[in-house]
Each structure stands twice: as structure tokens, then as C-alpha cells.
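Just so we're aligned: 51 in the UniProt record's numbering is position 51 of the sequence shown, and the numbers increase by one with no gaps anywhere.
Just so it is clear, CB atoms sit at the ideal spot from N, CA and C, and this is done for glycine as well.
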Amino acid sequence: MNIKLTVVQLDLVNSSKSFQDIHNKYNLGAEALAIFINQIEDITSTAFNQSIKNRKIKTHLTKIETPLADGYRLTFESVENAYDFVKIFCEMVDKRNQKPGIDQWCFRIGAATDDIVYDPARPNQMIGNVFVVVKELKAGAFPGWLFVDEMTYNKLSQDIQNKFSKDKQSFKNKHNESREAWGCQMLVNYQQKEPEQKELNGEEKKQFREAIKSAFPNRKDLVRILNDNNCGEWIKNVNTNQDDENFFTDLIEKVESDGNTFALLNIVFKAKPNNLNLKTFYNQYNN
Numbered sequence: 001m002n003i004k005l006t007v008v009q010l011d012l013v014n015s016s017k018s019f020q021d022i023h024n025k026y027n028l029g030a031e032a033l034a035i036f037i038n039q040i041e042d043i044t045s046t047a048f049n050q051s052i053k054n055r056k057i058k059t060h061l062t063k064i065e066t067p068l069a070d071g072y073r074l075t076f077e078s079v080e081n082a083y084d085f086v087k088i089f090c091e092m093v094d095k096r097n098q099k100p101g102i103d104q105w106c107f108r109i110g111a112a113t114d115d116i117v118y119d120p121a122r123p124n125q126m127i128g129n130v131f132v133v134v135k136e137l138k139a140g141a142f143p144g145w146l147f148v149d150e151m152t153y154n155k156l157s158q159d160i161q162n163k164f165s166k167d168k169q170s171f172k173n174k175h176n177e178s179r180e181a182w183g184c185q186m187l188v189n190y191q192q193k194e195p196e197q198k199e200l201n202g203e204e205k206k207q208f209r210e211a212i213k214s215a216f217p218n219r220k221d222l223v224r225i226l227n228d229n230n231c232g233e234w235i236k237n238v239n240t241n242q243d244d245e246n247f248f249t250d251l252i253e254k255v256e257s258d259g260n261t262f263a264l265l266n267i268v269f270k271a272k273p274n275n276l277n278l279k280t281f282y283n284q285y286n287n
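Listed below in C-alpha cells is the structure:
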């Protein structure tokens, strides 16, 4: 039997590091993983139950379909129900993240809609390409964002569509193939901690330089962005009377030596979130 469903998949960003942090903090072994699974399960099930309240559903179709240790996959008969779940889930995570001293949680979330083959007699009751698509969308989503496919976006109300980015977001899948999705930032109170400063090798410096050059073909725009973010001093010791290649090389060398690589990357990425080269390097640096 063919049925059209919306599939939502989410997982915790940097989950392995979070598990290790709990292990080190409380000197726990396998219990650290169990703590995380239970906490994520509590928020997921609570958000799911709230999202289906006052809705008529078929429990074999609208359900928490698969637990994934650091995330979940859920199926919904209604696209609006799926969005409501994501909204409630992220509001609960946001509320949790505001507690003083608590480890910050951030999720990547994907949603896709398509036909699935449903057969209750088989061990794997639901089969469909939509499960591949949603996994790809989830992996490509920015931390704290929801990425959806065209069919899901088109079935959302205009009010909800207005919450999404004006243009589609670009990303690359695990095969380095370019993809596009409609994106919406869902986690608003996530306090992103700067990752541990990474030393860039020669190839990474080249990638970073080329990404910034492609995003800011006019270097004056970059200088303006840095000044707007109170980081104009980064330019002071860089010779501006040279070609772009050497200018950007010197800038990255100075920023890295001062321990501000992530800060620069974060500033330029927020200024030019649709630049594919910046997105690729941003995700590479943060993984």
C-alpha cells in the first residue's frame, strides 16, 4: 500500500563530544550514553505528544519511527503536524539551553515528503526513497536549522513558509554533490561555543582564502563587515596595498596567529550564508 508521509529526522550536533564531556565530568562509562538517550527521548516524546494533541491520527503512520541514539526519525501523515513537532521540540531545547551552566544542545533537522510503501507484514514496514532524502537533508542542515524538500515546503501554509529563508540554501551531500533545500532557523537561544582553535594546514588555508574571496569579491565589503563586528583591528597590521591573493593570505595568517580563525569564519559566514564555498568550509571546520 502506497501512502504519502512526511518524515522528520534530527540528530545532536557534536554528539560524540557531548558524550565524552559527560563521561569526563561525572566519571561515567556506558551510563553517559544512557543519560543522553533518556534526555533526548524525553524531549522527543513530549514534543511529539504535544504536536498530535487534538489531532486525529493513525498511530501506525504518525509515530516516532526509529530511535537513533543521538536523534530520532519520525513519520507524520500531515506536513503541518511535522512542522508543529519540530517547532515544539526546538522550543523545548531552547528552554533547556537557557538554564545556567548547562551543556548546550543543538540539532540538525531534515524533513521530506513522498510516497512510501507500507506493509505491516514485513519487519521493515515502511520503505521509500524519502528516508534517503531526509537523511541527506538532515546531514546538510546548518546547526539549529530545519532543511526541507520542495514537496514539504509547498504543503506548508504561507505563514510558515514566510519563516523560511527567502532563497534556497545550498549544501553538498556525502558524495560531494550539490543540493538545495528550503531552510529555517529553529533554535534561537542556542549559545554556540567557539570550538577549540584548529590549526589550518596549507590546503585548508587556501580553501579558506578562496572561500572568502568568492564571498567578498570587493574586499571593501569584507572590511566593512569586520568593522561592523568591532573587528576592524584585524586589518590594521595587514598591508592593504597588495593584490587580493596576498591580502587574504596575510589576513588569514594574522587571524590564525591571534586565535581568531573561528571568529572570522563565523562573521563572514553569517554575512554571506548562501555562498557555497563558505558553507562547505564552515561545515568542514565545525565537524
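Can you give me the C-alpha to C-alpha distance between residue i and residue j, rounded to a whole angstrom?
i, j, result
"TYR83", "LYS254", "44 Å"
"LYS56", "GLU80", "13 Å"
"LYS193", "PHE36", "Only weak support is given to the placement of LYS193: the predicted model assigns it a pLDDT of 47, under 50, and the value that follows is read from those uncertain coordinates. Taking the straight line from one Cα to the other gives about 19 Å."
"GLN98", "TRP145", "18 Å"
"PRO195", "ASP258", "Annotation note: pLDDT 47 at PRO195 (below 50); position unreliable, coordinate value reported separately. Rounded to the nearest angstrom, the two C-alpha atoms are 15 Å apart."
"LEU10", "LYS87", "12 Å"
"ILE235", "ASN260", "13 Å"
"GLY110", "LEU200", "30 Å"
"HIS60", "ARG122", "13 Å"
"LEU222", "PHE147", "28 Å"
"ALA271", "LYS205", "20 Å"
"LEU156", "GLN39", "30 Å"
"TRP105", "ASP243", "42 Å"
"GLN284", "THR152", "28 Å"
"GLN163", "GLY183", "Here residue 163 is Lys; the residue named in the question, Gln, does not match the sequence. Cα-Cα distance, rounded: 9 Å."
"ASN176", "ALA112", "20 Å"
"PRO100", "PHE76", "35 Å"
"LEU137", "ASN129", "13 Å"
"GLU65", "VAL134", "13 Å"
"GLY71", "LEU12", "6 Å"
"PRO67", "ASN49", "16 Å"
"GLU233", "GLU256", "14 Å"
"GLU180", "GLY140", "9 Å"
"ARG224", "SER45", "46 Å"
Got a sec, what are the start and stop residues for the beta strand (DSSP E) residue i sits in?
i, result
"LEU68", "LEU68 -> no beta strand (DSSP E), and no H or E assigned at all."
"LEU10", "2-12"
"GLN169", "169-172"
"VAL132", "It is not in any beta strand (DSSP E) - VAL132 instead sits in the alpha helix (DSSP H) that spans 130-140."
"LEU61", "Note, LEU61: premise wrong, no beta strand (DSSP E); not H, not E."
"GLU77", "From DSSP, GLU77 is part of no beta strand (DSSP E); its letter is neither H nor E."
"PHE107", "107-118"
"ALA181", "178-185"
Looking at the unbroken alpha helix (DSSP H) that takes in residue i, where does it start and where does it end?
i, result
"TRP234", "233-236"
"THR152", "150-155"
"SER214", "202-215"
"GLU245", "244-257"
"ASN274", "Element bounds for ASN274: n/a, residue is neither H nor E."
"GLN98", "Note, GLN98: premise wrong, no alpha helix (DSSP H); not H, not E."
"GLN161", "158-161"
For residue i, I'd like the list of residues in its chain whose CB is within less than 7 Å of its CB, leaving aside the five on either flank, ordered along the chain.
i, result
"PHE248", "ARG209, ILE212, LYS213"
"GLN185", "GLY144, TRP145"
"ILE52", "THR62, ASN81"
"ALA125", "At residue 125 the sequence reads Gln, which differs from the Ala that was named. Around GLN125: TYR118, ASP119."
"VAL188", "ASP94"
In chain order, what residues of the same chain have a beta carbon less than 8 Å from the beta carbon of residue i, not counting five sequence neighbours either side?
i, result
"ILE160", "GLU80, TYR83"
"ASP167", "ASN274"
What does a CB cutoff of less than 6 Å around residue i pick up in its chain, not counting 5 residues either side in sequence?
i, result
"LYS4", "ASP115"
"PHE142", "none"
"LEU251", "VAL238"
When DSSP builds the beta bridges, which residues end up paired with residue i?
i, result
"MET126", "TYR118"
"LEU146", "ILE109, CYS184"
Can you confirm whether residue i, when its beta carbon is compared against all beta carbons of chain C, has any partner nearer than 8 Å?
i, result
"ASN246", "Of the protein chains in the structure, only one exists, and it is not chain C."
Are three or more beta carbon pairs between the segment 112-125 and the segment 201-219 nearer than 8 Å? no
Quick check: the segment 163-182 against the segment 270-282, are at least 3 beta-carbon pairs closer than 8 Å? yes
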